[in-house]
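These notes concern the structure reproduced below.
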Amino acid sequence: MKLDSKIPSGPMAEKWSRHKQDSKLINPKNKRKYSIIVVGSGLAGAAAAASLSELGYKVKCFCFQDSPRRAHSIAAQGGINAAKNYQNDGDSVHRLFYDTVKGGDFRAREANVHRLAEVSVNIIDQCVAQGVPFAREYGGGLANRSFGGAQVSRTFYARGQTGQQLLLGAYSALSKEIARGGVEMHTRTEMLDLVVADGETKGIITRNLVTGKVEAHAADTVLLCTGGYGNVFFLSTNAMGCNVTATWRAHRRGATFANPCYTQIHPTCIPVSGDYQSKLTLMSESLRNDGRVWVPKKAEDCGKPASQIPEADRDYFLERKYPSFGNLAPRDISSRAAKEACDDGRGVGPGGRGVYLDFSEAINEFGENVIKERYGNLFDMYERITGESAYKQPMRIYPAVHYTMGGLWVDYNLMSNLSGLHVLGEANFSDHGANRLGASALMQGLADGYFVIPTTVANYLVTQKPGAVTTAHPAFKEALEAANGRINQLLNVKGKRTVDSFHRELGLLVWDKCGMGRNRAGLEEALRRIPEIRAEFWENVLVPGSGSVANPELEKAGRVADFMEFAELLCRDALDREESCGGHFREEHQFPDGEAKRDDENFCYVSAYEYSGDLSKPILHKEPLTFEEVHLTLRSYK
Amino acid sequence: MALLNLHLKVWRQTGTQPGHFQDIEAPEIPDHASFLEMMDIVNERLIRAGQDPVAFDHDCREGICGMCSMTINGMAHGPERGTTTCQLHMRKFRTGDTIWVEPFRARAFPVVKDLMVDRSAFDRIMKAGGYVSVRTGAAPEANEIPVGKEIADAAMDAAACIGCGACVASCKNASAMLYVSAKAGQLNTLPQGHAEKDRRTLAMVRQMDAEGFGNCTNQYECEAACPKEISVRWIAKLNRDYAVASVKELVGAGRQQSQAGE
Amino acid sequence: MSSLQDSLSRFYASSIGKKLLVALSGLALIGFVLGHMIGNLLIFAGPDAINEYGHMLHTMGHGGLIWVARLGLLAAVVVHIVATIHLTRQNKAARKDAYGKEATRVASSASRIMIFSGLTILAFVIYHLLHFTVRVGNEYNNPALYTAMLDGQPVHNVYKMVIDGFSWAPASVFYIIAVALLCNHLSHGFASLFQTLGLATNKTWPLFQKAGHAFALLILIGNCSIPIAIWLFGYGR
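Printed below as a string of structure tokens:
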């Protein structure tokens, strides 16, 4: 298999405009004949479904939640980047492009990233026109802030709920198109499998989560906008329903999975408080603008209340290690630094897995009211969860899995190697390399949905006769039977352990061996244990109830079964990538001062795995990465 | 960390069949757990005991997706102000407490199973007019539409609505006015939404009525239950916008102008 | 014309449309309640004052204006009641299954019994009209008993009628109960109508609320002072 990224020729800054020029057009009359399936209704899915419907395509959109507005994009707090340079601080498309490539530790495709930076400005225009209530200056112009490791203020935000506001904007556009009849919306409907008919992706198999009915849907192309796989770790900041099923099933049908080991750990989450815990809560990274991160210098001080530890005995470790970025050092670096401090026995709070995020200095300088205005909702949330007031004592934070940069491999048109399968947003691998910068996820989801796919999807559709394949094709029958068979299999194990207990066991293992720090011995152990856990799952899982009614346990079981398979690929990729880059930190590959040691000579490529039929033997394909504009340098934030 | 021993009275229902309360004992619940984590523990025990676990909606568990519901001790999202069920923590309860756990009850929110209800009526209200009709790519440069900070902040106050339906569940009349007023109010406040203001207001209110929600009697239980503490003054604004739009429709103001233009 | 009718019927069919009608008719009735009370308080200014006031009401506009006012009030009452009954029925239907455990956080008890207080007030108003306006089951229409001289002209003796009317304990008791319920009704309804008319803002609402409570109290004290003075303290007897 040859992975052709289809990067347009020409200078970097002209690639996207040239590609738009060269892309195929379908006349409005014919667009109506093409149908498109969009799976997922987050930023990428809702934006794509609405925009494609506006163009005239017949769209069917699916989400497992009870409303498209609940997709997990909604939880993003901090903001969205755009190269508007409203602040006159020297920002530009090129600088956003450069920061993103560098931030991704040179493991992203330059051309994709440049396109992302280019369309970032259109996204803000679009969202404002939809009525997204971004923060404003008194004069009526848009406000910006600096965010997550950027040295310019290019982040647009809507209080602490930018994700919700952008998603509601996309959802409103989607609602408009549903009303117009351009989009047929299927809520509480989960995709179980992808249908590939004669080499072309032509549909999906779904289960109605209310009636249990398993159905086939055919279309001329399928868009997966199904988010990331962070819940493989069980505890993450993802929503409970986030899962890998759509992309994993596509992988099993032939789509290559790229860079699964690139997972992002977010430095500012509320620490774990007990083993009943079902998820971790992120506190917006914007808190690091005013909060100072520290731990006690001496391990014996850890048990004391923060107020009793004198200034001289505090280790502001980010400021110490990274003087120019300080508390705003990129996510992977901040997270690892926190882990090191805790590994060193200097962590605070129950279990010793936490560091302080201290606002006392900011409160002294600006007053409590200013801090309340900036972060009031976050402080409230912190107090609800922990029962502690961050106005009175420092917050305790610890890193948690937050975002996954890996995903299905796609070319410049966002099409996977599997013909007719397009993948958008977090579900693909393309724009963030080995590490995503803050406020870039929202940007990518909307870029893909609003501006990229409406242009590029036609390049595939023109090669297809509309409606050529229907659900009468044998491939649908086969996929339907397989999906039903799997449901019955899950229900018929009738073992002794609950789905959650397996998920928790798997997640703890993967977090332990393939989390913030990874090494050969640990990964090899994980690769031994995962198939064992998986085997026990299929022999001993207990799924109550039946498949013909609403059955949340059955839904979870299907998702966890796929995580069990996916986890192996994740660890295998982490083992294979003998370097440290971005969110992937191999302990064997570090500088003496603990910094990540990238190996550009041997690993400057995208790892794309093909399913071989044997989970333990995926076939690795390499897409070499070349850097024309940004020179490969050591990513230093000192 | 303390452990709580609780008695639950949980509503059990399958589809349209009549439901009932089931008494469930919930011993040794950590007080640091969230309410939904308490339900997870209960379900884990029910499953192991060979019983049907309690179905409930939930997703983000950080108070923003609006998926979780539950009326706890007669209060939508439970007793803590400005808090969703997923963010309610067990330290708000005492050992020995009896806790009533019911679905959000409203004719317009039919029960799907146990504590899960169908809130698609909200989506249909949005479909009726909860948007600005702007095509992708047809937007002007963002800073060409100046929006004063006060206006933007007010719109943001309304936009904070997470569409959970607690307003309906807590209203004595199962009215959706707080939701509709927040959704319409956000766009009606902003200059971007001005062109379609009357059309939007009339359409959304009519769809709200068609869904079978009750009427607002200005008791403000909704505001007290709203996890985002949306103000009932948005309802006053919706009333005003609706009155203006109705009068304009009555006298045909918009149409006359368009006919004059033809 | 038919499109106007369409628009009107759609307006009435809508929840907010009916509520606006309830608010507007409520506002008219509040105006009446206030005027009625001020007029009645003339009883404390002596027989001539209230008799003159009664005579003026009946003769202004050659006796036509009172009918205009009566028909207007009747319309307001009908709209207020018909619309609220419609709304209440819809509200009951909107929550067809009650909660097993019912809790109330902020709704005032007055707001929760509006339909009950309103219908009781209606019953009282009917009784009150029969008592003092139509004057059935009593002798108040008998010119031989209830005629007073005002500037040498015979007029209806309103003063004596009111004194006699409230001298009978059951009438006074019913009156006081009804006014108390009216006060309760107004304590929610007065401010509420400004919310429904869309005039309440975060700044004006507390004022409306205070004004509503003050107004309700004023109505209670003003109206009840009459039967209490007559029945309990023997004023005018």
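Protein chains in written order, with the working numbering: chain A, 573 to 1210; chain B, 53 to 314; chain C, 78 to 314. We treat Cβ as the ideally placed atom computed from N, Cα and C, and that holds for glycine.
(1) If we count the other Cβ atoms within 10 Å of its Cβ and call it buried at 16 or more, is Glu1173 (chain A) buried or exposed?
(2) Less than 7 Å between the C-beta atoms of Ala297 (chain B) and Leu254 (chain B), yes or no?
(3) Quick one: measure Cβ to Cβ for Thr241 (chain B) and Ile203 (chain B), integer angstroms, because I've assumed they're closer than 8 Å.
(4) When you compare each of C:Phe310, C:Tyr130, C:His262, C:Gln82 to Leu199 (chain C) by their alpha carbons, which one comes out closest?
(5) Rounded to whole angstroms, how far is the Cβ of Ala1107 (chain A) from the Cβ of Val1071 (chain A), which I believe are closer than 8 Å?
(6) Determine the direct distance from the alpha carbon of Ala277 (chain B) to that of Ala291 (chain C), and round the result to whole angstroms.
(7) What does the Cβ neighbour count give for Pro832 (chain A), buried or exposed, with the cut at 16 atoms within 10 Å?
(8) Where Leu668 (chain A) and Arg864 (chain A) are concerned, what is the direct C-alpha to C-alpha distance, given to the nearest angstrom?
(9) I'd like to know if the region 104-122 of chain B and the region 216-224 of chain B are in contact, where contact means that at least 3 CB-CB pairs between them fall below 8 Å.
(10) Which of the three DSSP states, helix, strand or coil, is assigned to Asp930 (chain A)?
(11) Quickly, what does DSSP pair Lys165 (chain B) with across the bridge? List them, please.
(12) At 7 Å on the CB atoms, spell out the chain A contacts of His110 (chain B), in chain order.
(13) Could you please tell me which residues of the region 119-132 of chain B, in chain order, have their CB closer than 8 Å to any CB of chain A?
(14) According to the neighbour-count rule (16 or more other Cβ atoms, all chains shown, within 10 Å of its Cβ), is Lys235 (chain B) buried or exposed?
(15) Identify the residues that DSSP records as bridge partners of Gly266 (chain B): which are they?
(16) Would you check if there are 3 or more beta carbon pairs closer than 8 Å linking the region 1030-1038 of chain A to the region 591-606 of chain A?
(17) To which residues does DSSP link Asn549 (chain A) through a beta bridge?
(18) With distances taken Cα to Cα, identify the nearest neighbour of Asp663 (chain A) among A:His644, A:Ala680, A:Leu980, A:Ala689.
(19) Residues of chain B with a CB under 7 Å from the CB of Tyr629 (chain A): which are they?
(20) If you reduce the DSSP assignment to three classes, tell me which class Pro902 (chain A) lands in.
(21) Can you name the residues of chain B whose CB is closer than 8 Å to the CB of Ala170 (chain C)?
(22) Which of helix, strand or coil does DSSP assign to Met231 (chain C)?
(23) Roughly how many whole angstroms lie between the Cα atoms of Gly799 (chain A) and Leu993 (chain A)?
(24) Nearest chain B C-beta to Pro600 (chain A) closer than 7 Å, yes or no?
(25) Look at the alpha carbon of Lys851 (chain A) and the alpha carbon of Lys911 (chain A), and state the distance between them as a whole number of angstroms.
(26) So which residues of chain B does Phe201 (chain C) contact, with C-beta pairs closer than 8 Å?
(27) Based on the DSSP secondary-structure assignment, which residues constitute the bridge partners of Asp75 (chain B)?
(28) Pick helix, strand or coil for Ile253 (chain C), following the three-state DSSP scheme.
(29) Of all the residues that make up the region 1019-1035 of chain A, which are near chain B by a beta-carbon distance shorter than 8 Å?
(30) Check the Cβ-Cβ distances between Asp261 (chain B) and every residue of chain C, and say whether any is below 7 Å.
(31) For Pro82 (chain B), which of helix, strand or coil comes out of DSSP?
(32) Could you run through the region 95-111 of chain C and flag, in chain order, every residue whose CB is less than 9 Å away from some CB of chain B?
(33) Between Phe316 (chain C) and Gly289 (chain C), how many whole angstroms is the CB-CB distance? I'm expecting something under 8 Å.
(34) Would you report the Cα separation of Phe251 (chain C) and Leu164 (chain C), rounded to the nearest angstrom?
(35) Does the beta carbon of Leu294 (chain C) sit closer than 7 Å to a beta carbon anywhere in chain B?
(36) Could you tell me whether the Cβ atoms of Tyr272 (chain B) and Val183 (chain C) are closer together than 7 Å?
So, from the data block:
(1) exposed
(2) yes
(3) 6 Å
(4) C:His262
(5) Not really, about 16 Å apart at Cβ, beyond 8 Å.
(6) 28 Å
(7) buried
(8) 26 Å
(9) yes
(10) strand
(11) B:Thr66, B:Met168
(12) Met812
(13) Met119, Glu132
(14) buried
(15) B:Ser227
(16) yes
(17) The shown model of chain A, from 573 to 1210, leaves out residue 549 (chain A), and the question about it has no answer.
(18) A:Ala689
(19) Per Cβ cutoff of 7 Å: no residues; Tyr629 (chain A) is ~13 Å from chain B at best.
(20) coil
(21) Arg159, Gly264, Gly266
(22) A small correction: the amino acid at residue 231 (chain C) is Pro; Met does not occupy that position in the sequence shown. In the structure shown, Pro231 (chain C) sits in a strand (DSSP, three-state: E or B).
(23) 15 Å
(24) no
(25) 19 Å
(26) Under the 8 Å cutoff, chain B gives no residues; its nearest Cβ is about 22 Å from Phe201 (chain C).
(27) B:Lys61
(28) helix
(29) Tyr1022, Phe1023, Pro1026
(30) yes
(31) strand
(32) Lys95, Lys96, Leu97, Ala100
(33) Residue 316 (chain C) lies beyond the residue range present for chain C, which begins at 78 and ends at 314; the question has no answer from this structure.
(34) 28 Å
(35) no
(36) yes
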